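J.:
Protein chains: 2
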Amino acid sequence: MTRTLSLNAFLHDTGHHEASWRHPDSSVERVHDITFVTELAQAAEAAKFDGVFFADIPGLWAATPYRPTAHLEPITRLSAIAAKTERIGLIATASTTLYDPYNLARLFSSLDILSDGRAGWNIVTTQSEAAARNFSLAKLPSPDERYARAQEFLDVVTKLWDSWEDDAVLADRDSGQYFDPEKVHAINHVGRFYQVEGALAAPRSPQGRPVYVQAGSSNSGRAFAARNAEAIFTAHQTLGDARAFAEDIKSRAAKFGRNPDHVLVLPGLSAFLGDTEAEARELQEHVNALTVPAYGLAQLEGLAGADLSHLELDEVVPVEAFGSAGNVLDNHRSRLQVVANIVERDRPTLRQLLHRLAGARGHNVVAGTPLQVADLITEWFEEGAADGFNVMPPLYPQLFDAFAEGVVPLLQERGIFRAEYTGSTLREHYGLPRPDSLYAGDRAAVTTA
Amino acid sequence: MTRTLSLNAFLHDTGHHEASWRHPDSSVERVHDITFVTELAQAAEAAKFDGVFFADIPGLWAATPYRPTAHLEPITRLSAIAAKTERIGLIATASTTLYDPYNLARLFSSLDILSDGRAGWNIVTTQSEAAARNFSLAKLPSPDERYARAQEFLDVVTKLWDSWEDDAVLADRDSGQYFDPEKVHAINHVGRFYQVEGALAAPRSPQGRPVYVQAGSSNSGRAFAARNAEAIFTAHQTLGDARAFAEDIKSRAAKFGRNPDHVLVLPGLSAFLGDTEAEARELQEHVNALTVPAYGLAQLEGLAGADLSHLELDEVVPVEAFGSAGNVLDNHRSRLQVVANIVERDRPTLRQLLHRLAGARGHNVVAGTPLQVADLITEWFEEGAADGFNVMPPLYPQLFDAFAEGVVPLLQERGIFRAEYTGSTLREHYGLPRPDSLYAGDRAAVTTA
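Chains as they are written, first to last, in the UniProt record's numbering: chain X, 1 to 449; chain W, 1 to 449.
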């Protein structure tokens, strides 16, 4: 079977560039309007994208007033979008540290049922101390503790999603049996963090389990992803870094006995597009000029865990300001590593660095023609650096439309991206199998009636 | 201003009669299909209902296979329904014992934003021990403890919904200020159960706060409702009981300094309708005959907390089996009181009692013509026993359609129910004020940037 490229539309505010909302043609007045994101999802569906995706932080992203930092809850928004779309996948971020597994299992089960099998869960453990303080936690658990909890959380949720076998519903009017009690299972989970009896209060969803997505690139994050994730959103600036990441993840997955083809690596890509490269760069510079340095600096200081106010905007950033890659991995702070790599490789001034990060928070930002961007996508895809991309337009909807109208047809002509949907679920778009229930064939059931 | 009747459509499985799914014309094959409940909501909107409502138990309702006891998650379902409706209110049940307040505040804020101001929250503390065992709780907190937690939970959620003042969003492209930091407030809640910094990660929603709905009728439940609820779903079999309840609640609300007109009392009403009373009764008897006694008996034993297996189906139920009303109130078990009242007043056989409860779990079940039902509604409304009704059709959609086509026009002719919507939010439908933010005018804000 030919490998097919996957494309997700990462929906985010007025666009992924932090200053995009200040562009005169931005949709900032509609940024919280469900019809705005619904139209974006419909455009992504018309372009045959695999899915749309919302990040999430349950708190204000930054306590600065310089951008639309409010985050509406993503699962409810995707439920509304599901009602106005037919085929596109719907991926929401939710935290294993800040949710209860029974509540989360229900929310995603419901999304999968009401969308006829299009739900995906981007599993995060939450790195934000400010978010923790919204949940009666004095501080976040350590990264190791968070990942240990995440693994148990995931195991509980998986058991709950599997607790009704696929053929448990009988709906037999004559006998009066609605379900077969031998096919609905108490999970009776007793673990270090959770004790959950089950079963889930819903039949098995169309995909069996919503798709498991993950985005951590730290050592702990990679280990978790290799064991559990079916799609990985990741940030890389170069083909070489991305390929090394993909090879590492797929070989780790194989060690867990998994098929590496069922672990999709999807780097972020934020493209300024123009009829000429010069036009694209001009747009990029226009938006970069709209950034508020105090905002970017606050983000950077949070990432570095250090005061950077002594640096001048036009001074070259000293390499030591962001530590070395080795330390960073041990610190579970993969985004910091991306920044450290930029600082070491490109020696930018502080202003240049702020502009680089303003584009998409460390994801790969490019400016060029549709042909140039299609060539980059094709090269990364063919060189094994990416199974697809998490498409992060700097400005919505304009730069999504430019991607859909300019880049997508080139990828379709080259035969690496679908011209029509061939499946109806997110698993089918991604080429992932539908898992059997853990309990299939197990006749120890929840009910005794 | 003329008082206007309120009508909610309580959406529940194939209908509120527990055996409705076995009716040959039931929609049991579509019971989990979002298009089924969406069509019901659209029908309720066409009939100018105030809202639709989902109950919720985060667990299997009963570990018996005799009815569609699976409960899909209601907030996600209402988010999908919001996308396909324009005006009708959307009320979801969620538990203060089993949710975290920040997560819950976000879910309802998002529902209110994406529905343009139609969200309501039915606040429950959860009475089901089986549900507690799905949430890593060895057992439920005591009723007093649950209500203490519920009050603090509600206070936190209210502060979060108010944490962005109505005019906090500036979206000022020129200055680069997206929001006014003086109008976004850390709530800094430090309480017995919760510590929550805030602010909410979302602007204030269209209604300011989703409508507070409550359904408990125990002493603790009444006190909580009188202090907090804006609409109360309640179960009464007689006008007298309902009026006593309404008078009690409204006088308690007045003691909290609240306007009694802003506390709507909405008893449940489940109507078998026919062109003649005989036809309606025939349909009721047909559906009653489809009940599975073992199912109803298990429900009744759970309610009574006693083994009733020694009773014969055609034996009159002894009064002492359900205690006295006095004890029941002290026990916080208001549904049991309804049953005790039926047993004491009507002296039914066990079979008759099971049929009574099969209709709508203790809510008022009637059989008659549209004129008879319209007369009952009008009488209860005019006598102060109800500000409206929670309409619980025994069989969806047939008996909802009969209500919409037969009963609603009579109520409209009498001028007690709207012929067209006059408002666009649930608060407006209910005649409730839009609350100001607690923080309006308070200049101590979350941000220092």
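In this text, a Cβ means the ideal position worked out from N, Cα and C, and glycines have one as well. Note that the coordinates shown come from a computational prediction; the quantities given were computed from them, not determined experimentally.
1. Specify whether the stretch 56-70 of chain W and the stretch 191-206 of chain X touch according to this definition: at least 3 beta carbon pairs, one from each stretch, less than 8 Å apart.
2. According to DSSP, is Ala-340/W part of a helix, a strand, or is it coil?
3. Give the DSSP-derived three-state secondary structure of Thr-369/X in the structure shown.
4. If we call anything under 8 Å between Cβ atoms a contact, is Ser-79/X one with Leu-111/X?
5. Reducing DSSP to helix, strand and coil, say where Leu-357/W ends up.
6. Hey, how far is the Cα of Arg-347/X from the Cα of Leu-336/X?
7. Note down the Cα distance separating Leu-313/W from Arg-281/W, rounded to an integer number of angstroms.
8. Taking just the CA atoms, how far does His-185/X sit from Pro-293/X?
9. Can you give me the C-alpha to C-alpha distance between Gln-237/X and Asp-116/W, rounded to a whole angstrom?
10. Starting from Gly-268/X, trace the beta strand (DSSP E) both ways and give me its first and last residue.
11. Quick one, which residues of the stretch 7-28 of chain W are near chain X if we go by CB-CB under 9 Å, in chain order?
12. Would you call the stretch 355-374 of chain X and the stretch 260-273 of chain X touching, i.e. three or more CB-CB distances under 8 Å?
13. Which class does Asn-288/W belong to by DSSP, given the choice of helix, strand or coil?
14. Throw me the rounded Cβ distance for the Leu-104/X and Val-169/X pair, which I believe falls under 8 Å.
15. Take Val-287/X as the anchor and find which of Ala-340/X, Phe-245/X, Leu-357/X and Ile-249/X has the nearest alpha-carbon.
16. Closest to Thr-97/W by C-alpha separation, out of Glu-86/W, Asp-144/W and Leu-350/W, would be which residue?
17. For Asp-338/W, tell me which candidate among Pro-210/W, Phe-224/W, Ala-242/W and Pro-74/W has the shortest Cα-Cα distance.
18. Hey, how far is the Cα of Gly-305/X from the Cα of Ser-217/X?
19. Mapping the DSSP letters down to three states, classify Thr-422/W as helix, strand or coil.
20. Evaluate Gly-415/X with the Cβ neighbour count: other Cβ atoms within 10 Å of its Cβ, from every protein chain shown; 16 or more gives buried, anything less gives exposed.
21. May I ask you to report which of helix, strand or coil DSSP gives Leu-107/W?
22. Listed in chain order, which residues of the stretch 182-207 of chain W have Cβ atoms closer than 7 Å to some Cβ of chain X?
23. Have a look at Gly-423/X, Thr-85/X, Gly-362/X and Gln-412/X and flag the residue whose alpha-carbon is nearest the alpha-carbon of Glu-18/X.
24. Applying the 10 Å Cβ sphere with the 16-neighbour rule, what's the burial state of His-332/X?
25. For the stretch 32-53 of chain X, which residues have a CB atom closer than 8 Å to at least one CB atom of chain W, in sequence order?
26. Use the C-beta contact count for Arg-345/X: other C-beta atoms within 10 angstroms, 16 or more gives buried, fewer gives exposed.
27. What does the alpha-carbon distance come out to for the pair Asn-364/X and Gly-268/X?
28. Does the Cβ-Cβ distance between Phe-321/X and Leu-303/X come in under 8 Å?
29. According to the neighbour-count rule (16 or more other Cβ atoms, all chains shown, within 10 Å of its Cβ), is residue 455/W buried or exposed?
30. Please return the same chain residues whose Cβ sits closer than 6 Å to the Cβ of Arg-3/W, not counting the five positions on each side in sequence.
31. Which word fits Glu-420/X, buried or exposed, when buried means at least 16 other C-beta atoms lie within 10 angstroms of its C-beta?
32. Below 8 Å on C-beta distance, what does Asn-134/W contact in chain X?
33. Should the stretch 122-136 of chain X be called in touch with the stretch 172-192 of chain X, which here means at least 3 C-beta pairs below 8 Å?
34. Determine the extent of the alpha helix (DSSP H) in which Phe-256/W is found, giving its start and end residues.
35. Consult DSSP for Asn-219/W and reduce its assignment to one of helix, strand or coil.
36. Would you mind stating whether Arg-87/W and Arg-22/X have Cβ atoms separated by less than 8 Å?
T.: Straight from the coordinates:
1. yes
2. helix
3. coil
4. yes
5. helix
6. 16 Å
7. 21 Å
8. 55 Å
9. 41 Å
10. 264-273
11. Ala-19, Trp-21, Arg-22, His-23, Pro-24, Ser-26 and Val-28
12. yes
13. helix
14. In fact, because the Cβ distance is near 23 Å, the residues do not count as touching under 8 Å.
15. Leu-357/X
16. Asp-144/W
17. The residue asked about is misnamed: residue 338/W is Val in this sequence, not Asp. The option with the nearest alpha carbon to Val-338/W is Ala-242/W.
18. 19 Å
19. coil
20. exposed
21. helix
22. Tyr-194, Gln-195, Val-196, Glu-197, Gly-198, Ala-199, Ala-201, Ala-202 and Pro-203
23. Gly-362/X
24. The predicted model places His-332/X with a pLDDT of 42, which falls under 50 and marks its position as unreliable; any figure quoted below should be read in that light. The residue is buried, with at least 16 neighbouring Cβ atoms inside 10 Å.
25. His-32, Ile-34 and Thr-38
26. exposed
27. 6 Å
28. Looking at the sequence itself, residue 321/X is Ala, so the reference to Phe does not match. Contact flag unset, no.
29. Nothing can be reported for residue 455/W, as the shown portion of chain W is limited to 1 through 449.
30. none
31. exposed
32. Tyr-102, Val-196, Glu-197 and Gly-198
33. no
34. First-last for Phe-256/W: undefined, no H or E at that position.
35. helix
36. no
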